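Undergrad:
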Amino acid sequence: MALFKQYYRQHCIDHTRVYPGVLAVLKRFHRKKMAVVTNKPVRVSGYILDQLRLSSYFDVLIGGDSLPNKKPHPEPVLSALKTMRLENPRRVVMIGDGPNDVESGRAAGTYTCGIRSNIGAPKKLLNSKPDFAISTMTELMRIFS
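First residue of the sequence shown: 1, per the numbering used here; consecutive thereafter.
1. Could you have a look at Ile-48 and say whether DSSP puts it in helix, strand or coil?
2. Please report the distance separating the alpha-carbon of Arg-53 from that of Ser-128.
3. Residue range of the alpha helix (DSSP H) that Val-22 falls in?
4. Could you check the C-alpha separation between Asp-131 and Thr-110 for me, to the nearest Å?
5. Under 8 Å, do Ile-119 and Asp-101 count as touching if we go by C-beta distance?
6. Is Tyr-111 helix, strand or coil when you go by DSSP?
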């Protein structure tokens with residue numbers, strides 16, 4: 001495991017690409033408060049965001065090692081909301097490609113949006129019953145105008 005972690009830290013960006021439409025969505029909503037809540041370690045996640053030139057779009061980064069609990073626990077989402085001073089979770093949407101994202105957002109009281117990706121199983125994502133389900137990031141611009 002230690003060897004894998006060392007390798008991943010050195011090569012985490014080798015095959016990582018921004019999904020189509022992500023940059024357009026980030027630019028569209030750049031005035032909104034946004035966070036990355038991931039189960040990946042915070043240091044690696046920050047490096048990935050920096051290398052993809054996406055860091056400036058996000059106010060907060062919560063990694064899997066930032067808090068005692070990871071998704072699907074609500075603690076990471078609640079921590080991001082608190083840090084951004086967002087008091088009403090019903091004015092927030094948690095967007096993710098897996099059931100852990102949907103479950104974490106729901107438990108924190110936010111709306112949830114599942115997006116199909118090449119990582120997770122679409123059926124499991126839909127079975128988690130997100131409030132919205134999308135196939136492309138640009139669909140967010142239609143849902144949240």
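Beta carbons are placed, not taken as given, at the ideal position from N, Cα and C, and that holds for glycine.
From a predicted model like this one, the values you see are computed outputs, not experimental measurements.
TA: So, from the listed chains and residues:
1. Under the three-state reduction of DSSP, Ile-48 is assigned to helix.
2. Cα to Cα, Arg-53 sits roughly 31 Å from Ser-128.
3. First-last of the alpha helix (DSSP H) with Val-22: 22–28.
4. Answer to the nearest angstrom: the Cα atoms are 10 Å apart.
5. Taking 8 Å as the Cβ cut-off, Ile-119 and Asp-101 do not qualify as a contacting pair.
6. In this structure, Tyr-111 counts as strand in the three-state DSSP scheme.
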